[in-house]
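Protein chains: 4
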Amino acid sequence: MPNEESRRPHTGRRRNEEARRAILDAAVELIGRDEGPVTIDTIAAAAGVGKQTIYRWWPSKGAVLLEAMAERATADVPVTDTGSLAGDLDAFLLATFRSAGTGRTAPLLRMVMAEAQRDEQVAEVMRDFIAKRRAALRGVLERAGGRGEIRADADLDLMVDQAFGVLWYRILIGHAPLGENEARELGRSLVIQSRP
Amino acid sequence: MPNEESRRPHTGRRRNEEARRAILDAAVELIGRDEGPVTIDTIAAAAGVGKQTIYRWWPSKGAVLLEAMAERATADVPVTDTGSLAGDLDAFLLATFRSAGTGRTAPLLRMVMAEAQRDEQVAEVMRDFIAKRRAALRGVLERAGGRGEIRADADLDLMVDQAFGVLWYRILIGHAPLGENEARELGRSLVIQSRP
Amino acid sequence: MPNEESRRPHTGRRRNEEARRAILDAAVELIGRDEGPVTIDTIAAAAGVGKQTIYRWWPSKGAVLLEAMAERATADVPVTDTGSLAGDLDAFLLATFRSAGTGRTAPLLRMVMAEAQRDEQVAEVMRDFIAKRRAALRGVLERAGGRGEIRADADLDLMVDQAFGVLWYRILIGHAPLGENEARELGRSLVIQSRP
Amino acid sequence: MPNEESRRPHTGRRRNEEARRAILDAAVELIGRDEGPVTIDTIAAAAGVGKQTIYRWWPSKGAVLLEAMAERATADVPVTDTGSLAGDLDAFLLATFRSAGTGRTAPLLRMVMAEAQRDEQVAEVMRDFIAKRRAALRGVLERAGGRGEIRADADLDLMVDQAFGVLWYRILIGHAPLGENEARELGRSLVIQSRP
DNA sequence: CCCTAAACGAGACGGTACGTCCGGTCTTAAT
DNA sequence: ATTAAGACCGGACGTACCGTCTCGTTTAGGG
């Protein structure tokens, strides 16, 4: 690790961006295809990369998956302001469900969540990631509160967890779909329960 | 495999119920104590049992944990009828949170859920278990509907998933507590959103 | 598998010669000490090596022991030419008995022979090894035949098998010693029976 | 092992002798057929017998095989007196080779010898058995000595071990046949080397 | 234009857990 | 009381992954 002064700016070969991409893509691809176990070895082989190249940049398999997941999530779910709680929720939840419910992403999320249960390091980064997503949704609710759309004694954190809870619960168990209708219905139920 | 007539009733030694108990208890105990990894070997050793005795009756570690989990859940969460949606929900959610949020049970649930993401056999039994718990809560809501306490266009399945979603989401991420206050607040929000 | 041109010379870490030595030595040591069972696990532990490192290079425990045995045998029994059958036999048998009858080697030979009875792969390599040893002794006899020291109708293969038969029989049963006197007496009996 | 008097003729279910035969036959049969491993379980199953019935009468698998082997050996090799060393040796060795070289017996002998290398109890009984066979052959030689057919300084024990050594060596390695010609040639070589 | 340090693909390494097999003991109902 | 069936404890097997450690090669600065 370079020190803060960076006295010797750099010598030697730089990180290969292609390898990074190949690793993340191979990981997602393997999880999505669901053929056999997804291990560091299979990821490395699928990416045409040595194992050490993975361990040089990530501490564990969970970290790789986590980065792949985070990459997709931040790209897909920008927060928009439509002027009404109903509109904002709809936009947020539709984008979120579309991103998370997708064929390739859902298995990835399942894997990351499973990994976080075994690996405390992954769990920690996961909590950070989750905190950001929750803050985004809570921001939507707080803005609506500023507009007087939410009853004073509403538990915003609980509402946030109801939204993400439904999402994760259905992803992990797979007993119900995660389509646009479900996103809208969920938005509606949150609007109703928060009315002053 | 014995046929439905059970023509050949049984020969040979019977299953040792003490061993079964020791295995399930050891598994829960080890997960709860959180000292080192919980493996089939450590469970067998802690239960004073040969590994084969575990594999004779369960196909995998996940199946053992699942059975231990199911045992506790059915014992702890009977459905009661208080006459009102608010009362019924309170009773159900308080019992559920108390059971699931307990020191020993929460790590067990996390482990089982993680296992279900890797092992399709576990996932299948998990889905059965989850379906029963959801049916119980849905029963509470339907009874309230019969009393006219619920608006006609409410999505009962979504409400059920909001409740269990919050529960699992908080267990798996661990960002918020799962105490009596949270149970009550959750019940209240469900009552509000379902009012006609 | 490298072709004859060796187009791709080699990539990746090379076989660790120290590990190989440690494994073979540990195996012989454990058999010699006769404390508890000699298993792949105990060999690996004694050699400070992972089990997989053993299985990467040998197909079975028998193969490990066989290699250890072959190593010792070729080192210890060079063929010498004294000019007379009696002298050559004496030299060969003394060296052979000294090598095979040694404290550490005899238990090794017993183990290998036992293993060869269960494992056809070991048996095959064993037959190769045995064939070489038999050829060496037969060479001694043929050289004597060239000098006219052996009757025409002598069955050289039978004589060879008498020599090695006595050796193995006594090693396996342990009813008689395998010292210098026995080697000399055996040599004498072979000389006598082969006289023209 | 049932005593010779059968003092307590019967209580409870009676099948002992049949079971004993079935076990010994099944063991030999399984070893001879060479299909899959020969374990206590497979022997019990093939004999239509419970495992406990085997362990009631024999201390280990090796003991079963040993008894099967001993049964055949004593039946097949009576010592005869033809009046000459050459004749006696021929008779003894032909009978021995015929018995040991047989399709079903040779694999049995290999198995027993292998077992004796691992199990000291089997080794002990094996040494007894071997001692008897050696004594029988030594008796033949001593009788010839009494007739003046053997030189004074011949090492009778060595000659005995040469004979049995060839036999076992070829059985265990399988590099040469064990037919009538080999028996006769072996007898001839022993006669030659013992001539006064 | 070479030198040197880092990153790379390959793959062997020490280690842990897996799920299976087998040996020898114990328990059950039937005979 | 003995049997066949079969569950039990213990322990070795051979495999799969993990995360680390060499190898020899490739690549990008700095001299």
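Here the protein sequences come in this chain order: A, B, C and D.
Using this note's numbering, you'd call the opening residue of the first sequence number 240 and step up by one each time.
Using this note's numbering, you'd call the opening residue of the second sequence number 240 and step up by one each time.
Using this note's numbering, you'd call the opening residue of the third sequence number 240 and step up by one each time.
Using this note's numbering, you'd call the opening residue of the fourth sequence number 240 and step up by one each time.
The C-beta atom is built at its ideal place from N, Cα and C for all residues, glycine as well.
Please read these numbers as outputs of a predicted model, since none were measured by experiment.
Environment of residue i [buried if 16+ CB atoms lie within 10 Å]
| i | result |
| --- | --- |
| Q356 of chain B | buried |
| V370 of chain C | The residue you asked about is not Val; residue 370 of chain C is Ala in the sequence shown. The residue is exposed, with fewer than 16 neighbouring Cβ atoms inside 10 Å. |
| G301 of chain D | buried |
| E354 of chain C | buried |
| D327 of chain D | buried |
| A330 of chain D | buried |
| R259 of chain D | buried |
| D367 of chain D | exposed |
Residue of the options minimising C-alpha distance to residue i
| i | options | result |
| --- | --- | --- |
| G322 of chain A | A:E268, A:E381, A:A286 and A:W296 | A:E381 |
| I262 of chain D | D:R295, D:E274 and D:D400 | D:R295 |
| P298 of chain A | A:A353, A:I410, A:R349 and A:D358 | A:D358 |
| L429 of chain C | C:I412, C:E388, C:T341 and C:G340 | C:E388 |
| I410 of chain B | A:M308, A:G289, A:A362 and A:D264 | A:A362 |
| P346 of chain C | C:R366, C:A265, C:R272 and C:H249 | C:R272 |
| T292 of chain A | A:A325, A:R252, A:R366 and A:E274 | A:R252 |
| V405 of chain B | A:Q401, A:L406 and A:W407 | A:Q401 |
| E306 of chain B | B:V316, B:V267, B:A393 and B:I412 | B:V267 |
| E257 of chain B | B:V288, B:G275 and B:D392 | B:V288 |
| A312 of chain D | D:T344, D:K290 and D:E419 | D:T344 |
| M350 of chain A | A:S433, A:I412, A:E419 and A:Q432 | A:I412 |
| G385 of chain B | B:M308, B:I279, B:F403 and B:S433 | B:S433 |
| L444 of chain C | C:N420, C:V364, C:A383 and C:E419 | The question about residue 444 of chain C has no answer here: the residues shown for chain C are numbered 240 through 435. |
| N420 of chain A | B:E424, B:W407 and B:L397 | B:L397 |
| A383 of chain C | C:P248, C:D320 and C:E274 | C:D320 |
Contact set for residue i: own chain, Cβ-Cβ below 6 angstroms, skip 5 residues either direction
| i | result |
| --- | --- |
| E310 of chain B | none |
| P435 of chain B | R390 |
| A415 of chain B | R409 |
| A265 of chain A | I282, A285 and A286 |
| L395 of chain C | R377 and L380 |
| L417 of chain B | F336, G340 and R409 |
| A393 of chain B | S433 |
| M308 of chain C | L347 and V351 |
Cβ-based neighbour list, residue i, same chain, cut-off 8 angstroms, excluding 5 preceding and 5 following
| i | result |
| --- | --- |
| V399 of chain A | R373, L376, R377 and L380 |
| T254 of chain B | For the record, residue 254 of chain B in the displayed sequence is Arg; it is not Thr. Closer than 8 angstroms at Cβ, skipping near neighbours: W296. |
| Q436 of chain A | No answer is possible for residue 436 of chain A: the residues shown for chain A start at 240 and end at 435. |
| F403 of chain C | I369, R372, R373 and L376 |
| W407 of chain A | L348 and M352 |
Residues of its chain near residue i, where Cβ-Cβ distance is below 7 angstroms and the 5 sequence neighbours each way are ignored
| i | result |
| --- | --- |
| L269 of chain C | V277, T281, I282 and A285 |
| A422 of chain B | L332, L333 and F336 |
| A325 of chain D | G426 and V430 |
| V318 of chain A | F331, A375, G378 and V379 |
| S338 of chain D | R311, A312, D315, V316 and T344 |
| K290 of chain B | I279, D280 and A283 |
| G342 of chain C | G271 |
| T250 of chain B | none |
Heavy atom of the ligand MN within 7 angstroms of residue i beta-carbon
| i | result |
| --- | --- |
| E257 of chain B | This structure lacks the ligand MN; in fact it carries no ligand of any kind. |
Alpha helix (DSSP H) runs contained entirely in the stretch 249-305 of chain A, provided each spans 4 or more residues: Counting whole runs of 4 or more residues, the stretch 249-305 of chain A contains the alpha helix (DSSP H) stretches 256-272, 279-286 and 290-296.
Starting from the N-terminal side, write out each stretch of the alpha helix (DSSP H) that is 4 residues or longer and does not extend beyond the stretch 331-378 of chain C. Those alpha helix (DSSP H) runs which fall completely within the stretch 331-378 of chain C and span 4+ residues are 344-357.
At what residue ranges does the stretch 380-429 of chain A contain a whole run of the beta strand (DSSP E), taking only runs of 3 or more? The qualifying runs do not exist here; there are none.
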